[in-house]
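Numbering (this note's numbering), first residue to last: 898 to 1024. Working notes, structure below.
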């Protein structure tokens, strides 16, 4: 696995990973109605443009295995961990931990006092 900085051409694959993870992993803890509201499948393509912009504005890392994106995370410059997702087939392999460690290093480099997030029910055990 390698973890690298986000590039704009990663956005489409990242959005797909997000939608797939919400609908396969998070669906264990949320109703179908909640999952559909969180990640409406009919908005998947339109999200790519807005996510390109927000991922560019944040400190964003992607984890790759064999050139496939298997995880990503981003941190705002004010210390908010905005998104952290790992592909359903690569959960519990240390990918999220590795991404968070890099983001925490960036936070320290920026002299941020704390990193905070709003974790989903699914992600709470990780934090």
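The C-beta atom is built at its ideal place from N, Cα and C for all residues, glycine as well. Please read all numbers here as calculations on a predicted model, not as lab measurements.
Buried or exposed: where does residue 955 fall if 16 or more other Cβ atoms within 10 Å of its Cβ makes it buried?
Residue numbering aside, residue 955 sits at position 58 when the chain shown is read from its first letter. By the 10 Å Cβ count, residue 955 comes out buried.
Please list the terminal residues of the continuous alpha helix (DSSP H) segment that includes residue 916.
Indexing the chain shown from 1 puts residue 916 at position 19. Per DSSP, residue 916 belongs to the alpha helix (DSSP H) from 908-921.
Quick one: grab the DSSP three-state call for residue 967.
Here the question's residue 967 lines up with position 70 in the chain shown. Of the three classes helix, strand and coil, the one that applies to residue 967 here is strand, per DSSP.
Mapping DSSP to helix, strand and coil, what is residue 974?
Translated into the one-based positions of the chain shown, residue 974 becomes position 77. In the structure shown, residue 974 adopts coil according to DSSP, grouped into three states.
For residue 899, the first and last residue of its enclosing alpha helix (DSSP H):
Numbered from its first residue, the chain shown carries residue 899 at position 2. Under the DSSP assignment, residue 899 falls outside any alpha helix (DSSP H), being part of the beta strand (DSSP E) whose first and last residues are 899-902.
Inter-residue spacing [alpha-carbon to alpha-carbon] between residue 915 and residue 987
On the chain shown, residue 915 is found 18 positions in, with the first residue counted as 1. On the chain shown, residue 987 is found 90 positions in, with the first residue counted as 1. Cα-Cα distance, rounded: 13 Å.
Going by DSSP, which residues form a beta bridge with residue 956?
For the purposes of this step, residue 956 is identified with residue 59 of the chain shown, where counting begins at 1. The partner list for residue 956 (beta bridge, DSSP) reads 972.
Looking only at its own chain, which residues have a Cβ that is under 8 Å from the Cβ of residue 1000, when we skip the five neighbours before and after it?
The residue given as residue 1000 occupies position 103 in the chain shown. Contacts found: 956, 958, 970, 971, 972, 978 and 1012.
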